[in-house]
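Notes follow once the structure below has been shown.
Protein chains: 2
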Amino acid sequence: MPDRTLLLSTPELRPFLPMLYVAWADGRLDPNDEAAVRAHVASQPWLKPAARIALEAWLDGAHPPSPSELSRVRRVLTETAGTLAPAARSSLVALGSALAAGSRPSADTTRALNELEGVLGASEDAVALDLAPQTEHEIENPFEHASFDPRAMQKLLDGKNADVRANVRAFLDDPSRRAPYGLPKERHRAMVNGWLAELSARGFGALGYPKVTTDRADLGGFMAAFETLAMGDLSLLVKYGVQFGLFGGSIYFLGTERHHRLLADVASLKLPGCFAMSEVGHGSNVADLETTATYDHATGEIVIHTPREAARKDWIGGAAETAQLATVFAALEVGGEKHGIHAFLVPVRDPKGELLPGVRAGDAGHKMGLNGVDNGRLWFDHVRIPRDSMLNRFASITAEGTYESEISSPGKRFFAMLGTLVGGRVSVASGAVTASKVALAIAIRYATRRRQFGATHAPETLLLSYPTHQRRLLPALATAYAHSFALEALRDEYIATPSGSDTRALEAHAAGLKADTDVFTTFEGDNTVLLQLVARNLLGAYSARFTRGGVRALAEMLAERATVVVRQKNPLTTRLTDVAHLRDRNFQRAAFAYRASTLLGEAARRMKKRIDAGADPQAVLLDVQEHLVALAEADVEARVMNAFANAVGGADDALRPELSRLCDLHALSTLEARAAWFVEDGYFEPPKIRAIRKLVPVLFAEIAPSARALVDAFGIPDACLAAPIAFGDPATM
Amino acid sequence: MPDRTLLLSTPELRPFLPMLYVAWADGRLDPNDEAAVRAHVASQPWLKPAARIALEAWLDGAHPPSPSELSRVRRVLTETAGTLAPAARSSLVALGSALAAGSRPSADTTRALNELEGVLGASEDAVALDLAPQTEHEIENPFEHASFDPRAMQKLLDGKNADVRANVRAFLDDPSRRAPYGLPKERHRAMVNGWLAELSARGFGALGYPKVTTDRADLGGFMAAFETLAMGDLSLLVKYGVQFGLFGGSIYFLGTERHHRLLADVASLKLPGCFAMSEVGHGSNVADLETTATYDHATGEIVIHTPREAARKDWIGGAAETAQLATVFAALEVGGEKHGIHAFLVPVRDPKGELLPGVRAGDAGHKMGLNGVDNGRLWFDHVRIPRDSMLNRFASITAEGTYESEISSPGKRFFAMLGTLVGGRVSVASGAVTASKVALAIAIRYATRRRQFGATHAPETLLLSYPTHQRRLLPALATAYAHSFALEALRDEYIATPSGSDTRALEAHAAGLKADTDVFTTFEGDNTVLLQLVARNLLGAYSARFTRGGVRALAEMLAERATVVVRQKNPLTTRLTDVAHLRDRNFQRAAFAYRASTLLGEAARRMKKRIDAGADPQAVLLDVQEHLVALAEADVEARVMNAFANAVGGADDALRPELSRLCDLHALSTLEARAAWFVEDGYFEPPKIRAIRKLVPVLFAEIAPSARALVDAFGIPDACLAAPIAFGDPATM
């Protein structure tokens, strides 16, 4: 017997492997095939003698190759097939060419392969099925059939400031700008500081201070940069947000011209800082911070002091290592009189990074995430700063040592101060949506390639074919789109709000969206606390009437609520179950609005009843707390729904159908989740909610084919998809 | 002016600080008080002259101490008060005594203090309120008023095997048996291996193999040890489970006498091993594992081989470093015939830890958690093992080279094999509940001490006073109790099941409870996959009829369902809203059972309809997947509800009232979460679900006073409450 293994070791014969394997695939060589192939091989004058002998050894019908020999050929084929693009293994000829050991096959070989294919009449399907049944490329993938161009969708999602986003993407699309998992925190921090310096050098730090560091009003660009940075290392996002947003922003928004002079150094990172608000004893309840700022008129200085352990500043980004200047929030006392919380610029380290006298710092240490951020603690021991270091946009201490403010009410002053920080909350919400987009992209890319379980003798089932997996991912995908549009609208509202105007509604909207995009649950305010802020704002109109009291006010309120109910709940609507109705945007919007307004009316009525009965207002708030949180959620959901509906209405014809499906899914899966409320209220009768339940999986099926394109449209650089499962290595699927 | 600071620096005067501070607390010394104190000081012959002068300097009504001087005294007092037990600062005398600079005050001092207190008439309340208003001990804590003894409750929860649990607790209650957060994985692994050796030396490894390593049937003890270990470092739990449960258990349950000889070395850790089931390509779908085990009759050996990258064993605990012997699951082929997945003992390292020829190992690297476990990968390159190394309880290869099994169906054989591993799933579920108990203990201890927000001039509100926080923690607490009892019942069922009997129902119950206790979502089977296993078991009875087909079977089924409905749904029950009815255990159990049986009947009907219409069975399963998962959840919930109800019924009088409240909360908050289903079905009318919604917060208020005692009853050693917030340092609250 000639040595059949020569077939595998002779480079010029490797292109023939697929053909020979198929010829023998059923365990016997058809005599006609044998004769035809022999004749064909004999007619190839370019084959060297040794190669010819090796080839003919595989054409001996009396001595078929053993299963093991065939198996070794098969292994070579599947290994090669696994590394190829689908086109490169779409036929025996193509696969054979690819096997030509790294070089292109000769013209002779290609011709011979084409002829042999004709001789054998081998079908491509046989190869695809037999050689690589487990590699997913061979099988029709039902989840890569988008009806639209992902780049056009990305353009829509990017909205304004596409240039800033493109620059940030280019910055992030570099594997060296990704910290390896498990990197020690010291090295991670150094890495992040380096990236931050690069961002600063590229001008991303200066964006946040229009008219000071830049002539342009570019808060939108600053927010777009922040939002896009959330695709990458979140430690960098936080450091960027702390230095240029919180620290620089506090100087920009709470300070006056004498402080604005510092902003060039903030933007260039020559002056690294931190935002020292939270204390270990008071995180959410900022009004009760305990750090003291006592004015000493004898020296014209303010004394910053940590009176007890609970007053230490804690979890402050930048405090552990890098910050040289801190914006410190502390309770101001002037001439023995307390004026509540104000912000002060307190130097904490010299330019060499040495702590200044009276300042003690600690390190928050290793964390479950964000180890590239040097979160830390600060204690102040009677640290003296000049009077001018008070950020004095809303209040100041005069040269005569008296406290002055244009806003007479301490409460109003406090909220005016906090109101300037609303941009941070909007940005954190945007960053949270971006982070959820990255997670969705990874999960959906995997779910559209990974197979597990299925019928015997068939490819296993793709994860995204399972309804439970569709439910896990597709409503979240629809909601990521919804939040994108809602946040764009909120950013526009924020940027368009004139400085100094009443921002309470805007703050509530920001708080609500931040709470609704729950990735960053505790950043920039605990979500449960934020939802109560939303509810209190909604009740604002009512509470004014509470204080005025009186039957007339209550009657007004109830009349208003009754109007809403009469206008929106009617027997026809509560019973309609046809698909066209359920997919009608007006029906969807009305349902969200009805829930929000009903909960508002009920909350107002409940509170009024209790207050009229003489209950303590604080006790009333506790009593209706769950109701208020539900109200706030409903209000945010209605706003998000409206923003999504508006975006669908304004989209191009090429994108509108897909966005409309997504909007339907977002609307109906949200209504499904609130089914109990709607049925109990009577707004939906049971058959209607059953119709919604039935429609949601239909929407899954409609959207699934575009799932991959819908996450591609997020435009996430490959380097940011940090999980290997995002890349579907065929060897491991 | 004499130097008043002597008061602080003179040890013998420190006991007088509280008294003097209170005397001056309102900024002026009452002339009568001044005279009385002066006279009193003059009459103390034991006071040294310098001390006397310093003391009198504080009694000069014409020269009151400055706010700063008073403030310094106050600081000393609050710092000391913060370190004392409430009793030690319950009066000025007690506080003064505690200030005697580390030594007990002299008899003279104590007498003087008592007299002074009489002179000043200073009230204790004044001190408590003024000196340490922020330390929580001073304020009545509404959440520490349990109606029962936590030790008695612990005894009930511990059930059988209290001795094993006590030993494990003693082992864990040692801070050195807790890895510091962020420890490099190499050091963490070494630490865990050391603890594992200690557990083994104490006999905890041998518990799992009754009649082999121990005479006693002590699977219950083994499971109790595992459950309790989950209070500590979860890496140790996993290593313990892998070595003694999965690895040793596979030898014990899948092997025969010739393999059981190894168990002594497994128990002593002389033979460390691993359980190599999962492959990167197949985690959930074990039947399609690709590692091959090919019998070579010429040598009497089995060849273990990894045919492609997707077949590498992955995430195998112990594979990266420690395992010397692996239980490898692979597809067996004997004489060219395939027999499906079997288990084989494959040596992978020599006793020195060097990899054996043909075996390659990789490290899964740094993980988000469990870094003390050396998870790894294994590849086999035609590794030969003797025929006897096949674990042959269910099938073997004879000396003649033929495959033999008493179970003729390959499917049945596969499930018989997997069935033996059900103990692992039960244990993982128990471990998950323990882990959730630790989390609950930390969160509830914190929530019963941490205050945030509140009315002005009053202590801030405790977190557990907020309804949103009650909802976050208390239903979870009730459910932890429910799961404890349900798992105890399941363990009893498991231990009582005779070897070799049909364990399908038990497996389904274990799968369901494992999926319901969702802390360990992917361990021992992904939860979504497990819930489908539950559903398929439930449909088992029906599916037998499907194959027989026929109108009679369907009629039978529907008749059965109709009986359930008629028996349980009646207009009275659907409308009853009184509290006694809602808290009636029979009503609660009936509601859970109704939902489970209704979903079962519906699922059976839907599947039957589709199969009768000629649909492919695989497509039908996909089609009803969400329904099946809902059915499985409902079934598990009904089982858990029954177990909890039984436990309440069997509890002592001293514990029953509290358990009954918890059971009400568990039942009603679960029904509330399923409100939409019940209202749509018509089993509840809207007023009834509204009554349930109203009752749940009432239960919060009933249970909250016992919250702390209910987590104390878990008996978690202090060293296991790893989060500092569990210990309520008054300095930071």
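Note that the protein sequences, when read in sequence, are chains A and B.
The first sequence lines up with residues 1 to 733 when you count with the working numbering.
The second sequence lines up with residues 1001 to 1733 when you count with the working numbering.
Heads up, the beta-carbon is just placed ideally off N, CA and C, and yes, glycines get one too.
So, is the C-beta of A:H305 closer than 8 Å to a C-beta in chain B?
In the first sequence, the residue the question calls residue 305 of chain A occupies position 305. No, A:H305 does not count as interfacial toward chain B.
Using beta carbons (cut-off 8 Å, strictly below), is B:N1537 in contact with chain A?
Within the second sequence, the letter at position 537 stands for residue 1537 of chain B. No, B:N1537 lies away from the interface with chain A (no Cβ there is under 8 Å from its Cβ).
Measure from the C-beta of B:I1385 to each C-beta in chain A and report whether the shortest distance is under 8 Å.
Against the second sequence, residue 1385 of chain B aligns to sequence position 385. Chain A, which has no Cβ nearer than 8 Å to the Cβ of B:I1385, makes this no.
Can you have a look at A:M368 and say buried or exposed, based on whether 16 or more other CB atoms are within 10 angstroms of its CB?
Here residue 368 of chain A corresponds to residue number 368 of the first sequence, with the count starting at 1. With fewer than 16 other Cβ atoms within 10 Å, it is exposed.
Are the beta-carbon atoms of A:T427 and A:M223 separated by less than 8 Å?
Residue numbering aside, residue 427 of chain A sits at position 427 when the first sequence is read from its first letter. Residue numbering aside, residue 223 of chain A sits at position 223 when the first sequence is read from its first letter. The question names Thr, but residue 427 of chain A is Ser in the sequence shown. Against a cut-off of 8 Å, the Cβ pair of A:M223 and A:S427 comes out as a contact.
What residue does the alpha helix (DSSP H) around B:V1679 start on, and which one ends it?
Within the second sequence, numbered from 1, the residue matching residue 1679 of chain B stands at position 679. Element bounds for B:V1679: A1675 to D1681.
Once DSSP output is grouped into helix, strand and coil, what is the label at A:N285?
On the first sequence, position 285 is the one that residue 285 of chain A refers to. A:N285 falls in the coil class under three-state DSSP.
Below 7 Å CB to CB, which residues in the same chain sit around B:F1414 once its five sequence neighbours on both sides are set aside?
Reading the second sequence from its first residue, position 414 is the one you call residue 1414 of chain B. Around B:F1414: A1287, G1340 and I1341.
Please list, in chain order, all residues of the same chain as A:R504 whose beta carbon is under 8 Å from its beta carbon, the five residues on each side excluded.
Counting from one through the first sequence, the residue named residue 504 of chain A turns up at place 504. Within the same chain, and ignoring the five residues on either side of A:R504 in sequence, the residues whose Cβ sits closer than 8 Å to its Cβ are F415, G419, N537 and G540.
List the endpoints of the continuous alpha helix (DSSP H) containing A:W195.
In the first sequence, counting from the first residue as 1, residue 195 of chain A sits at position 195. That run of the alpha helix (DSSP H) goes K185 to A201.
Positions along the stretch 1593-1619 of chain B whose CB lies within less than 7 Å of some CB in chain A
Going along the stretch 1593-1619 of chain B in chain order, one finds Q1618 with a Cβ nearer than 7 Å to chain A.
What residues in the stretch 285-303 of chain A have a beta carbon less than 8 Å from any beta carbon of chain B?
N285 and D288
Nearest to A:L55 by CA position, among A:S9, A:L77 and A:P467, is which residue?
Position 55 of the first sequence holds residue 55 of chain A. Closest in C-alpha terms to A:L55, from the list A:S9, A:L77 and A:P467, comes A:S9.
A:L59 to B:A1361, Cα distance in whole Å?
The residue given as residue 59 of chain A occupies position 59 in the first sequence. The residue given as residue 1361 of chain B occupies position 361 in the second sequence. So the two alpha carbons sit approximately 41 Å from each other.
Considering only C-alpha positions, which residue in the set B:A1298, B:M1277, B:D1296 and B:G1336 is nearest to B:K1312?
The sequence position of residue 1312 of chain B within the second sequence is 312, counting from 1. The question names Lys, but residue 1312 of chain B in the sequence shown is Arg. Residue B:M1277 is the option with its Cα nearest to B:R1312.
What are the residues of the stretch 1224-1241 of chain B that lie near chain A, defined by any Cβ-Cβ distance shorter than 8 Å?
none
For B:G1715, count neighbouring Cβ atoms within 10 angstroms of its own Cβ and tell me buried if that reaches 16, exposed if not.
Here residue 1715 of chain B is taken as the residue at index 715 of the second sequence, counted from 1. By the neighbour-count rule (16 or more Cβ atoms within 10 Å), B:G1715 is buried.
Residues of chain A with CB under 9 Å from B:Y1466, in chain order?
Residue numbering aside, residue 1466 of chain B sits at position 466 when the second sequence is read from its first letter. Per Cβ cutoff of 9 Å: T528, L622 and Q625.
For the putative contact between B:L1638 and B:F1592, defined by C-beta atoms under 8 Å, what is the C-beta separation to the nearest angstrom?
In the second sequence, the residue the question calls residue 1638 of chain B occupies position 638. In the second sequence, the residue the question calls residue 1592 of chain B occupies position 592. For clarity, residue 1638 of chain B is Ala in the given sequence; the question names Leu instead. Confirmed, about 4 Å.
Sheet register partners of A:C739 (DSSP bridge):
Coverage of chain A is limited to positions 1 through 733, which leaves residue 739 of chain A absent and any answer about it impossible.
Counting along the chain, where does the beta strand (DSSP E) carrying A:R384 start and finish?
Here residue 384 of chain A refers to the residue found at position 384 when the first sequence is read from its first residue. Counting along the chain, the beta strand (DSSP E) containing A:R384 begins and ends at V383 to P386.
Just to confirm before moving on: does the CB-CB distance between B:L1345 and B:L1370 stay below 8 Å?
In the second sequence, the residue the question calls residue 1345 of chain B occupies position 345. In the second sequence, the residue the question calls residue 1370 of chain B occupies position 370. In this structure, B:L1370 does not lie closer than 8 Å to B:L1345 by Cβ.
Run the CB neighbour count on B:H1145, radius 10 Å, all protein chains shown included, and call it buried at 16 or more, exposed below.
As a working mapping, residue 1145 of chain B is identified with position 145 in the second sequence. By the 10 Å Cβ count, B:H1145 comes out exposed.
Closer than 8 Å at the beta carbon, the chain A residues around B:R1690:
Within the second sequence, the letter at position 690 stands for residue 1690 of chain B. In chain order: E680.
Outcome for B:K1608 when other beta-carbon atoms lying within 10 angstroms are tallied against a minimum of 16:
To locate residue 1608 of chain B, count along the second sequence from 1; it is residue 608. Under this definition B:K1608 is a buried residue.
Which same chain residues end up closer than 6 Å to B:Q1588 when comparing Cβ atoms and leaving out the 5 residues on each side of it in sequence?
Here residue 1588 of chain B refers to the residue found at position 588 of the second sequence. Excluding sequence neighbours, B:Q1588 sits near A1667.
On the three-state DSSP scale, how would you describe A:M390?
The sequence position of residue 390 of chain A within the first sequence is 390, counting from 1. Here A:M390 sits in strand by DSSP.
Using 8 Å for Cβ pairs, my map puts B:V1629 next to B:A1486. What's the rounded Cβ distance?
Position 629 of the second sequence, counting from 1, holds the residue named residue 1629 of chain B. Position 486 of the second sequence, counting from 1, holds the residue named residue 1486 of chain B. With a beta-carbon spacing of about 19 Å, B:V1629 and B:A1486 fall beyond the 8 Å limit used to define contacts.
Start and end residues, beta strand (DSSP E) containing A:L207
In the first sequence, counting from the first residue as 1, residue 207 of chain A sits at position 207. No beta strand (DSSP E) contains A:L207, which DSSP labels as neither H nor E.
With respect to 7 Å, is the separation between the Cβ of A:Y466 and the closest non-hydrogen atom of the ligand NAP below this value?
The model depicted lacks the ligand NAP and carries no ligand whatsoever.
Work out the CA separation of A:P347 and B:L1116 for me, nearest whole Å.
For the purposes of this step, residue 1116 of chain B is taken as residue 116 along the second sequence, with counting starting at 1. For the purposes of this step, residue 347 of chain A is taken as residue 347 along the first sequence, with counting starting at 1. Approximately 48 Å between the Cα atoms of the pair.
Is it the case that the Cβ atoms of A:L665 and A:I703 are separated by a distance below 8 Å?
Here the question's residue 665 of chain A lines up with position 665 in the first sequence. Here the question's residue 703 of chain A lines up with position 703 in the first sequence. Against a cut-off of 8 Å, the Cβ pair of A:I703 and A:L665 comes out as a contact.
Delimiting residues of the alpha helix (DSSP H) encompassing B:N1735
Outside the modelled stretch of chain B, which goes from 1001 to 1733, sits residue 1735 of chain B, for which no answer is possible.
Selection of the stretch 1431-1454 of chain B by Cβ proximity to chain A, strictly under 8 Å
Q1452, F1453 and G1454
Report the rounded CA-to-CA distance for A:R177 versus A:R52, giving the unit in angstroms.
Taking the first sequence and counting its residues from 1, the one referred to as residue 177 of chain A is at position 177. Taking the first sequence and counting its residues from 1, the one referred to as residue 52 of chain A is at position 52. One C-alpha to the other measures close to 54 Å.
Would you tell me roughly how many angstroms separate the C-alpha atoms of A:E301 and A:R384, rounded to the nearest one?
Counting from 1 along the first sequence, the entry for residue 301 of chain A is found at position 301. Counting from 1 along the first sequence, the entry for residue 384 of chain A is found at position 384. Cα-Cα distance, rounded: 6 Å.
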